[in-house]
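Colleague: Have a look at this one before I ask anything.
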Amino acid sequence: MLKHMKNNCNLNITLIGDPVLAQKACPVLEITSGETQALIDKMFDTMHSEKGVGLAAPQVNESKQIITINAEGQKFVFINPKITNQSEDMILFTEGCLSVPGKELQIIRHKKVTVQYIDRDGEPCILKAREFLAIVCQHEIDHINGILMTDRYEQQEELRKTLNIT
Ligand code: NI
346 MLKHMKNNCN LNITLIGDPV LAQKACPVLE ITSGETQALI DKMFDTMHSE
396 KGVGLAAPQV NESKQIITIN AEGQKFVFIN PKITNQSEDM ILFTEGCLSV
446 PGKELQIIRH KKVTVQYIDR DGEPCILKAR EFLAIVCQHE IDHINGILMT
496 DRYEQQEELR KTLNIT
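First residue of the sequence shown? That's 346 in the numbering used here, and the numbers climb one at a time after it.
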């Protein structure tokens with residue numbers, strides 16, 4: 346049935362090694378356009394069917410600053426997001442990524458972050474996130490900046506030694 350076919354248009358996930366994942370994504374200007382809105386809907390469908398809690402547009406081969414999140418019962422669409430504040434307190438969490446299948450890595454993140462973004466209606470918003478939601482925000486905003494959790498893991502080698510994390 347047509348109604349069900351609409352929910353079936355999942356996008357392919359780009360995998361580590363794909364150049365789109367290493368690029369800084371472009372800011373989105375036409376936020377309320379049909380094209381952008383359709384991409385957001387497809388990203389939510391794809392994220393839900395892949396059982397992800399966050400998805401960034403480069404992971405569906407679109408080099409655009411768009412992120413969908415469904416975590417702790419809250420849904421967000423971040424367009425052109427920026428972290429404007431971050432705690433000195435750090436948190437260690439075992440992360441996974443749809444673009445790095447089968448791999449889990451212990452990544453050190455800020456415990457709290459403030460994210461400035463535009464929502465899908467074009468409204469400027471500010472989110473103060475902590476702990477798990479803050480981790481998801483940092484992981485997804487990294488994607489927008491061409492950084493994968495594997496890059497973070499490599500960068501944090503010395504920090505892990507200092508903190509005695511094996
Ligand atoms: Ni990821």
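Every residue, glycine too, gets a C-beta built ideally from N, C-alpha and C.
Keep in mind that this is a model prediction, so the values were computed, not measured.
Look at the Cβ atom of residue 412, then the Cβ atom of residue 486, and state whether they are nearer than 9 angstroms.
Modeller: Taking 9 angstroms as the Cβ cut-off, residue 412 and residue 486 qualify as a contacting pair.
Colleague: Taking only runs that begin and end inside the segment 410-473, name each unbroken beta strand (DSSP E) of 3 or more residues, in chain order.
Modeller: 411-416, 419-431, 435-440, 450-455, 457-463
Colleague: Is the CB-CB distance between residue 494 and residue 452 below 9 angstroms?
Modeller: yes
Colleague: Let me check you understand the geometry: is the CB of residue 435 closer than 8 angstroms to at least one non-hydrogen atom of the ligand NI?
Modeller: For the ligand NI, not one heavy atom lies less than 8 angstroms from the Cβ of residue 435.
Colleague: Compare the Cα-Cα distances from residue 465 to each of 425, 354, 358 and report the closest residue.
Modeller: Of 425, 354, 358, the residue nearest in Cα terms is 425.
Colleague: How about residue 368 and residue 491: are their beta carbons less than 9 angstroms apart?
Modeller: yes
Colleague: Classify residue 360 as helix, strand or coil using the three-state DSSP reduction.
Modeller: coil
Colleague: Taking C-alpha atoms, which residue in 443, 502, 409 lies nearest to residue 371?
Modeller: Among 443, 502, 409, the Cα nearest to that of residue 371 belongs to 409.
Colleague: When every heavy atom of the ligand NI is checked, does at least one fall within less than 8 angstroms of the C-beta of residue 445?
Modeller: It does: the Cβ of residue 445 is within 8 angstroms (strictly closer) of some heavy atom of the ligand NI.
Colleague: Does the ligand GTP have a heavy atom nearer than 8 angstroms to the CB of residue 367?
Modeller: With respect to small molecules bound, the structure shown includes the ligand NI and not the ligand GTP.
Colleague: Checking 9 angstroms against the spacing of the C-beta atoms, do residue 419 and residue 457 come in under that value?
Modeller: no
Colleague: Using DSSP's beta-bridge definition, name the partner residues of residue 399.
Modeller: Residue 399 is bridged to 414.
Colleague: Give me, in chain order, the residues of the same chain whose beta-carbon lies closer than 7 angstroms to that of residue 350; leave out the 5 immediate sequence neighbours on both sides.
Modeller: Because residue 350 carries a pLDDT of 48, less than 50, the predicted location of this residue cannot be relied on, and the following value inherits that uncertainty. Correct list: empty, nothing qualifies.
Colleague: Would DSSP call residue 371 helix, strand or coil?
Modeller: Residue state, collapsed to three classes: strand.
Colleague: So residue 462 packs on residue 438, CB below 8 angstroms; how close in whole Å?
Modeller: Not quite, the Cβ-Cβ distance comes to about 22 angstroms (not below 8 angstroms), so this is no contact.
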